[in-house]
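**Student:** Mind looking over this structure? Questions follow.
Residue numbers (the numbering used here): 6 to 682.
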């Protein structure tokens, strides 16, 4: 009996191992060798001693290696929980764990690969965040600025919370900002995504570039214009490093289309910063060798109706508007009559007519058609392409609108047929009214607040300016009354407040239209119309003063220029940091000295205009506002400035670069029409 008892661990000492599980089940003698008994090793069985030895070990401390970066910097104890530790969650700061350099052994009896172990440490994003990803493609993706994400591929990448964590966080943050879902988490997500981009700055990939573009758009919508301006330069470097501006025939259809759309979306976003200035252009149009975007039915899922090429048409219109602005900038430097101007305008008109014939809904968007499209997922694109088409006509024909800030110099207009100028004014009135009407109908018929592209607000702003200007200084007898112009401006304001009420991007535009309407109503309708160009003596600036005038004009950015809203310092060490809130407050009250003088003496200027028959025209150097965006993969027709006018001197051609079509008079000066400017 003593021999039998000695086979068991009767003492209960923890240092003495009992029979392993396999030997007990097989009812054989176990040599109790630590690690694995001889029987299990010989038969290739999983000995329970192996599992017990791992389970009995002290767990590896995560304090030094797995503590997040924030806790390590502050030297505080980190809970090590994912996706955020308790300290970071309580303080609302981003929580980023350092990448593991070696696989963590699993405590499970089943062996795991290092990849699976890493996924278990940082699990995929939550169901709540996956819901935000779905919302992104339902509501935000239809905007052309966000069309660079392939729905199926992006959703799959977002479900992978480790390999494409930055993209998932950026998509969720963008959705939270637009839809007000989990808005308090959006700043944390976007900071964490940006930190991941900086950690992998030297290794650009398509998902990281997509995440970076979303971060740029987030900073724009959040009013962080300075940061967005800097980050978009990094995005352009990413695209150039990966040669996204060239076609890759060895890739599949989706991969090639994603590369194209990234570049086109980058150009659409860049236009809000570059404002036509070469030194701010990140991705020159001449270096893009890509096709236009494919229709949505060939790119996205087949269970949704297609956009009928609206995205591609929008890119083409961006190119046309860019070329028109280049023409405007070149004509502004003319010192002699330019007889080729009418032919160039006819060529632009033919191109716009061709694009108009390709639009799925035609060139008009009546109330009934808007009602029918309310359930269409691509309503935003189809509305944008029509409004952009009308804005192209406004940009084209306002060149011939005498004394308008973007008009050609008097010496050019004086050589044209007066009937042609009157016809151009009618075109401006027609297309500016159409823009406001479409936006008003969309506001009246939509039951919920729609997400619209920033460009629609810019078009509404310029349409309102044109309508108010023609109402006061138009040449035709049938020009709109001041009551009509004011009512249409109020309708545009109502729509902008509803669709962009909380957007820092559109806030200056809304304030500017409000001020313009107030001053227009206070002063009433002008009693006189501008003098004809034929009665105006051309002004010739002293060539020695042209560089100074160009530099002064260059500093006067339009109200919707994000470069103006960024308010960069001039590099002084004692410059104080300006918060976005302070920037908005200063933006509302900030005016140039010229503008402030005009506001103080508006009444006297108005009376002088009514009594002065020989009104002096505006200087040709105070024009312009640019939509410098790309349009197509074809080279613009006006790259060669000397081909525009052989009469432009070499000296003025060299000075052409400072003139941007977002530059010109401060925003109220066009309403004053002060001859002294």
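Think of the CB as a built atom: it goes at the ideal place given N, C-alpha and C, for glycine as much as any other residue.
Within 10 Å of its beta-carbon, does residue 246 have 16 or more other beta-carbons around it, so buried, or fewer, so exposed?
**Tutor:** Numbered from its first residue, the chain shown carries residue 246 at position 241. Residue 246 should be labelled exposed.
**Student:** Under the assumption that residue 425 contacts residue 347 (Cβ atoms under 8 angstroms), give the Cβ distance between them as a whole number of angstroms.
**Tutor:** Here residue 425 corresponds to residue number 420 of the chain shown, with the count starting at 1. Here residue 347 corresponds to residue number 342 of the chain shown, with the count starting at 1. The distance from the Cβ of residue 425 to that of residue 347 is about 7 angstroms, consistent with a contact at the 8 angstroms cut-off.
**Student:** How about the stretch 323 to 334 and the stretch 361 to 368: do they share at least three Cβ pairs that are nearer than 8 angstroms?
**Tutor:** no
**Student:** Taking the C-alpha atoms as reference points, what is the distance between residue 24 and residue 155?
**Tutor:** For the purposes of this step, residue 24 is taken as the residue at position 19 of the chain shown. For the purposes of this step, residue 155 is taken as the residue at position 150 of the chain shown. Taking the straight line joining both Cα atoms gives about 58 angstroms.
**Student:** Whole-angstrom Cβ separation of residue 319 and residue 386, contact assumed at under 8 angstroms?
**Tutor:** For the purposes of this step, residue 319 is taken as the residue at position 314 of the chain shown. For the purposes of this step, residue 386 is taken as the residue at position 381 of the chain shown. Rounded, the Cβ-Cβ distance is 7 angstroms, consistent with contact.
**Student:** Contact between the stretch 248 to 261 and the stretch 289 to 309: three or more CB pairs below 8 angstroms?
**Tutor:** yes
**Student:** What three-state label does DSSP hand residue 155 in the structure shown?
**Tutor:** For the purposes of this step, residue 155 is identified with residue 150 of the chain shown, where counting begins at 1. Coil, per DSSP.
**Student:** Figure out for me which residue from 265, 350 and 455 has the closest Cα to the Cα of residue 413.
**Tutor:** Translated into positions along the chain shown, residue 413 becomes position 408. Nearest of 265, 350 and 455 to residue 413, Cα basis: 350.
**Student:** When the Cα of residue 214 is compared with those of 226, 198, 225 and 352, which residue comes out closest?
**Tutor:** Counting from 1 along the chain shown, the entry for residue 214 is found at position 209. Considering only alpha carbons, the answer is 198.
**Student:** According to DSSP, simplified to helix, strand and coil, what is residue 398?
**Tutor:** Working through the chain shown from its first residue, we reach residue 398 at position 393. Residue state, collapsed to three classes: helix.
**Student:** Throw me the rounded Cβ distance for the residue 432 and residue 402 pair, which I believe falls under 8 angstroms.
**Tutor:** The count along the chain shown starts at 1 and reaches residue 432 at position 427. The count along the chain shown starts at 1 and reaches residue 402 at position 397. Confirmed, Cβ separation roughly 4 angstroms.
**Student:** Hey, would you say residue 271 sits closer than 9 angstroms to residue 237, going by beta carbons?
**Tutor:** Taking the chain shown and counting its residues from 1, the one referred to as residue 271 is at position 266. Taking the chain shown and counting its residues from 1, the one referred to as residue 237 is at position 232. Result yes, Cβ atoms of residue 271 and residue 237 sit closer than 9 angstroms.
**Student:** Less than 9 angstroms between CB atoms is the rule here; does residue 268 satisfy it with respect to chain D?
**Tutor:** Included in the structure is just one protein chain, with no chain D present.
**Student:** What do you get for residue 132, buried or exposed, if any count of 16 or more other CB atoms within 10 angstroms of its CB means buried?
**Tutor:** Here residue 132 is taken as the residue at index 127 of the chain shown, counted from 1. Exposed is the call here.
**Student:** Given residue 439, which residues of its chain have a CB within under 6 angstroms of its CB, disregarding the five upstream and five downstream residues?
**Tutor:** On the chain shown, residue 439 is found 434 positions in, with the first residue counted as 1. Cβ neighbours of residue 439 beyond the five flanking positions: 395.
**Student:** Restricting to Cα atoms, I'd like to know which of 203, 148 and 130 is closest to residue 388.
**Tutor:** Along the chain shown, one-based indexing puts residue 388 at 383. That would be 148, whose Cα lies nearest to the Cα of residue 388.
**Student:** Using only alpha-carbon positions, find the residue among 99, 391, 469 and 151 that is nearest to residue 374.
**Tutor:** Indexing the chain shown from 1 puts residue 374 at position 369. Per the C-alpha coordinates, the member of 99, 391, 469 and 151 positioned closest to residue 374 is 391.
**Student:** Can you tell me where the alpha helix (DSSP H) holding residue 203 begins and where it ends?
**Tutor:** Taking the first residue of the chain shown as 1, we reach residue 203 at position 198. Per DSSP, residue 203 belongs to the alpha helix (DSSP H) from 191 to 204.
**Student:** May I ask you to verify whether the stretch 482 to 498 touches the stretch 167 to 186, counting CB pairs closer than 8 angstroms and requiring at least 3?
**Tutor:** no
**Student:** In terms of residues, what are the limits of the alpha helix (DSSP H) holding residue 319?
**Tutor:** On the chain shown, residue 319 is found 314 positions in, with the first residue counted as 1. It spans 315 to 336 - the alpha helix (DSSP H) in which residue 319 sits, taken as one unbroken run.
**Student:** Give the range of the alpha helix (DSSP H) segment to which residue 525 is assigned.
**Tutor:** Position 520 of the chain shown, counted from the first residue, corresponds to residue 525. 512 to 528 is the span of the alpha helix (DSSP H), which, as asked, contains residue 525.
**Student:** Answer with buried or exposed for residue 421, where buried requires no fewer than 16 other C-beta atoms within 10 angstroms of its C-beta.
**Tutor:** The residue you call residue 421 lines up with position 416 of the chain shown. Note on residue 421: 16 or more other CB atoms within 10 angstroms of its CB, so buried under the neighbour-count rule.
**Student:** Does residue 169 come out as helix, strand or coil in the three-state DSSP assignment?
**Tutor:** As a position in the chain shown, residue 169 is number 164, starting the count at 1. Of the three classes helix, strand and coil, the one that applies to residue 169 here is coil, per DSSP.
**Student:** Check for me: the alpha helix (DSSP H) holding residue 437 runs from which residue to which?
**Tutor:** Here residue 437 corresponds to residue number 432 of the chain shown, with the count starting at 1. Run containing residue 437: 423 to 450, per the alpha helix (DSSP H) assignment.
**Student:** Quick one: what's got a C-beta closer than 7 angstroms to residue 417's C-beta in the same chain, skipping five residues either side?
**Tutor:** The count along the chain shown starts at 1 and reaches residue 417 at position 412. Here the set comprises 336, 339, 342, 343 and 346.
**Student:** DSSP beta-bridge partners for residue 251?
**Tutor:** Locating residue 251 in the chain shown gives position 246, counting from the first residue. DSSP output for residue 251 lists 294 as bridge partner(s).
**Student:** Measure how close the beta-carbons of residue 448 and residue 499 come, nearest whole angstrom, since I'm counting them as under 8 angstroms.
**Tutor:** Within the chain shown, residue 448 is the residue found at index 443, counting from 1. Within the chain shown, residue 499 is the residue found at index 494, counting from 1. Approximately 7 angstroms separates the beta-carbon atoms of residue 448 and residue 499; this is inside 8 angstroms, confirming the contact.
**Student:** Output needed for residue 76: all residues of its chain with C-beta closer than 6 angstroms, excluding positions within five of it in sequence on either side, in chain order.
**Tutor:** As a first step, residue 76 must be located in the chain shown, where it is residue number 71. The residues are 83 and 92.
**Student:** Would you call residue 96 buried or exposed, if buried means 16 or more other Cβ atoms sit within 10 Å of its Cβ?
**Tutor:** Here the question's residue 96 lines up with position 91 in the chain shown. It counts as exposed.
**Student:** Buried or exposed: where does residue 358 fall if 16 or more other Cβ atoms within 10 Å of its Cβ makes it buried?
**Tutor:** What you label residue 358 is simply residue 353 of the chain shown in a count that begins at 1. Answer is exposed; the Cβ neighbour count stays below 16.
**Student:** What is the DSSP secondary structure of residue 312, reduced to helix, strand or coil?
**Tutor:** For the purposes of this step, residue 312 is taken as the residue at position 307 of the chain shown. If DSSP states are grouped into helix, strand and coil, residue 312 belongs with coil.
**Student:** On the three-state DSSP scale, how would you describe residue 44?
**Tutor:** Taking the chain shown and counting its residues from 1, one reaches residue 44 at position 39. Reduced to three states, the DSSP call for residue 44 is helix.
**Student:** Between the C-alpha atoms of residue 541 and residue 521, what's the straight-line distance to the nearest angstrom?
**Tutor:** Within the chain shown, residue 541 is the residue found at index 536, counting from 1. Within the chain shown, residue 521 is the residue found at index 516, counting from 1. Per-residue confidence for residue 541 stands at a pLDDT of 31, beneath the threshold of 50, marking its modelled position as unreliable; no derived number is given.
**Student:** With DSSP run on the structure shown, which of helix, strand or coil describes residue 32?
**Tutor:** Locating residue 32 in the chain shown gives position 27, where the first residue counts as 1. If DSSP states are grouped into helix, strand and coil, residue 32 belongs with coil.
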